[in-house]
DNA sequence: GTCTATATGTTGATAGAC
DNA sequence: GTCTATCAACATATAGAC
């Protein structure tokens, strides 16, 4: 989009901030505002201001607020689960999977700590968004991995239980426990910071320690 | 409020639905609507309709939307943490505390599954609400228990570590792990239902199984 | 593609009768 | 305490000039 017209390119003054397409600037600004205010609390005008563009342009590129918010949610949701699902669907050993998921999620969420709160809020108030969340997971591999990852994980867990390597646990409890321990601290970040008495840096150190301990904690819970 | 006037009580026709004070009816309706739509998405008119009351009465009892939403949040927040803090601050043994918190939370949240999503959303979009959340915790005992519960728990954990009963873990990681495993499944309920492929009843069974396994899972992670 | 101006519809809130 | 009527303040969205 926004390719130059050629004959008039030298004459027309450049836009205020030429960094990136207008559309991309809008999407980035919308991302920030929707995460800060929520879908219903976000104001188109604030997004336009943050993007440094005229408010009418939001409707030019994205038809209305609904479609804009959907684009933002899609992009945000694509950051939360796909990589975890990918690891879970792989052929790696269970211990390896746990370690990789913990490292992956804690490192990524440290850079986007507001993501879980935003996504949980969206799914809570807009149940239809669930489909868009699943769509991001479906794209991880050529085929839809979702119906596969749980049965596969289940077989892996059952085999480990028979071999005496791990205690018996169902695949869904296994997955939810792991996701809980990784994601909840970020989703409930304000609550935890207040409860434990942490400031910004304290929380970061708290997460840093977690990176070292969490996989071990989790795997010990499954020792026979 | 709304005590009868005595001399005119027999003459005036009773209000449409005499069950409960008007103020309480409004608060209950507001509770439902705020949890369903979020603070910014909630409409005063919808609350009035759900309460079966004239919209103007919302402003008569609660001055404005802000104060009404604050009353609702206070009441909701009071259901999430106080009992957990109370157990944690008690003199019970660690194994006992874990078992009681798991039983307490899973049983209560099964009846109010939308509570965690609402509270996390509120804290995410209205950081000032954190103070109101802490206020609910402070009221658990005559004095403010918050500054006490973590150090006490820490000493308990350190003693257990010295005695060789439990592996060493800090009080904050202990508390956050426990809360994560209890609360996250409800906070991320729509996501989990979609990911695992559960309907309403499937989710309830999922939680029921969790009630039996979770305390054991948690304590095994801390075995030396 | 970008801007100005404006239409259109809500929403929270109040005044004042009953 | 409860109701009707109404206001002022946005917020989304579009029309049309440039």
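Protein chains in written order, with our numbering: chain B, 46 to 269; chain C, 46 to 269.
Just so you know, even glycine gets a beta-carbon here, dropped at the ideal spot from N, CA and C.
If we cut at 9 angstroms on Cβ distances, does residue 92/C have a partner in chain B? Taking the second chain and counting its residues from 1, one reaches residue 92/C at position 47. Not flagged as an interface residue toward chain B: residue 92/C, since no C-beta distance is shorter than 9 angstroms.
I'd like to check one pair, residue 147/C with residue 227/C: are the Cβ atoms closer than 9 angstroms? If you number the second chain from 1, residue 227/C lands on position 182. If you number the second chain from 1, residue 147/C lands on position 102. Yes, the pair counts as a contact, with Cβ atoms nearer than the cut-off.
Please identify, using Cβ separations under 9 angstroms, the residues of the region 230-257 of chain B that lie next to chain C, in order along the chain. 230, 232, 233, 234, 235, 236, 237, 238, 239, 240, 241, 242, 243, 251, 254, 255
Do we get a CB-CB distance below 9 angstroms when we pair residue 105/B with the residues of chain C? Walking along the first chain from the start, residue 105/B turns up at place 60. Cβ-Cβ to chain C under 9 angstroms: no for residue 105/B.
Supposed close pair residue 262/B, residue 161/B - CB separation, criterion 8 angstroms: The residue you call residue 262/B lines up with position 217 of the first chain. The residue you call residue 161/B lines up with position 116 of the first chain. Contact doesn't hold; Cβ gap of about 20 angstroms is too wide.
Would you please state the rounded distance, in angstroms, between the beta carbons of residue 213/C and residue 206/C? I believe it to be under 8 angstroms. Position 168 of the second chain, counting from 1, holds the residue named residue 213/C. Position 161 of the second chain, counting from 1, holds the residue named residue 206/C. Right, the Cβ-Cβ distance comes to about 4 angstroms (below 8 angstroms), so this counts as a contact.
Would you call residue 105/B buried or exposed, if buried means 16 or more other Cβ atoms sit within 10 Å of its Cβ? Translated into the one-based positions of the first chain, residue 105/B becomes position 60. It counts as exposed.
Under 8 angstroms (Cβ pairs) to chain C, residues found in the region 209-233 of chain B: Those residues of the region 209-233 of chain B placed with their C-beta closer than 8 angstroms to a C-beta in chain C are 212, 214, 215, 217, 218, 220, 221, 222, 224, 225, 226, 228, 229, 230, 232, 233, ordered along the chain.
For residue 184/C and residue 85/B, which I take to be in contact (beta-carbon distance under 8 angstroms), what is that distance rounded to the nearest angstrom? Within the second chain, residue 184/C is the residue found at index 139, counting from 1. Within the first chain, residue 85/B is the residue found at index 40, counting from 1. Not quite, the Cβ-Cβ distance comes to about 31 angstroms (not below 8 angstroms), so this is no contact.
Could you give the C-beta distance for residue 198/B and residue 216/B, rounded to a whole number, given that I count them as a contact under 8 angstroms? Locating residue 198/B in the first chain gives position 153, counting from the first residue. Locating residue 216/B in the first chain gives position 171, counting from the first residue. Right, their Cβ atoms sit about 4 angstroms apart.
Could you tell me the distance, in whole angstroms, from the CA atom of residue 176/B to the CA atom of residue 72/B? Taking the first chain and counting its residues from 1, one reaches residue 176/B at position 131. Taking the first chain and counting its residues from 1, one reaches residue 72/B at position 27. Rounded to whole angstroms, residue 176/B to residue 72/B spans 21 angstroms at the Cα level.
Within 9 angstroms (strictly less), CB to CB, does residue 202/C reach chain B? By 1-based counting over the second chain, the position of residue 202/C is 157. Among the CB atoms of chain B, none fall inside 9 angstroms of the CB of residue 202/C.
Under 8 angstroms: do the region 124-140 of chain C and the region 233-249 of chain C share three or more Cβ pairs, one atom per stretch? no
Identify each residue in the region 72-89 of chain C for which the Cβ-Cβ distance to at least one residue of chain B is less than 7 angstroms, and report them in chain order. 82, 83, 85, 86
Is it true that the CB of residue 121/B sits closer than 9 angstroms to the CB of residue 80/B? Sequence index remark: in the first chain, residue 80/B carries index 35 (1-based). Sequence index remark: in the first chain, residue 121/B carries index 76 (1-based). Taking 9 angstroms as the Cβ cut-off, residue 80/B and residue 121/B qualify as a contacting pair.
Enumerated in chain order, which unbroken segments of the alpha helix (DSSP H) with a length of 4 residues or greater are wholly contained in the region 95-176 of chain C? 100-106, 110-122, 127-134, 139-156, 160-170
Which residues in the same chain have their Cβ closer than 6 angstroms to the Cβ of residue 256/B, if we skip the five residues on either side of it in sequence? Working through the first chain from its first residue, we reach residue 256/B at position 211. Answer for residue 256/B: 151, listed in chain order.
Under a three-way DSSP split, which group does residue 223/B fall into? Against the first chain, residue 223/B aligns to sequence position 178. Residue 223/B falls in the helix class under three-state DSSP.
Does any residue of chain B bring its CB to less than 9 angstroms from the CB of residue 166/C? Within the second chain, numbered from 1, the residue matching residue 166/C stands at position 121. For residue 166/C, the answer is yes, since a Cβ of chain B falls inside 9 angstroms of its Cβ.
Contact check, residue 267/C vs residue 254/B, beta carbons under 9 angstroms: Your numbering for residue 267/C matches position 222 in the second chain. Your numbering for residue 254/B matches position 209 in the first chain. Taking 9 angstroms as the Cβ cut-off, residue 267/C and residue 254/B do not qualify as a contacting pair.
Mind reading off the beta-carbon distance from residue 157/C to residue 124/C? Whole number of angstroms is fine, and I expect it under 8 angstroms. Indexing the second chain from 1 puts residue 157/C at position 112. Indexing the second chain from 1 puts residue 124/C at position 79. Rounded, the Cβ-Cβ distance is 6 angstroms, consistent with contact.
Can you pull the chain B neighbours of residue 175/C, defined as C-beta to C-beta under 9 angstroms? Taking the first residue of the second chain as position 1, residue 175/C is located at position 130. Residues of chain B passing the Cβ test: 235, 236, 238, 239.
How many angstroms separate the CA atom of residue 258/C from the CA atom of residue 96/B? Residue mapping note: residue 258/C aligns to position 213 of the second chain, counting from 1. Residue mapping note: residue 96/B aligns to position 51 of the first chain, counting from 1. When rounded, the distance between both Cα atoms is 49 angstroms.
Of all Cβ atoms in chain C, is any one closer than 9 angstroms to the Cβ of residue 183/B? Position 138 of the first chain, counted from the first residue, corresponds to residue 183/B. It does not; no Cβ of chain C falls within 9 angstroms.
Environment of residue 167/B [buried if 16+ CB atoms lie within 10 Å]: Stepping through the first chain from its first residue, residue 167/B is reached at position 122. Buried: at least 16 other Cβ atoms inside 10 Å.
So which residues on chain B does residue 162/C lean against when the C-beta distance must stay under 9 angstroms? Residue mapping note: residue 162/C aligns to position 117 of the second chain, counting from 1. Under the 9 angstroms cutoff, chain B gives 165, 166, 168, 169, 170.
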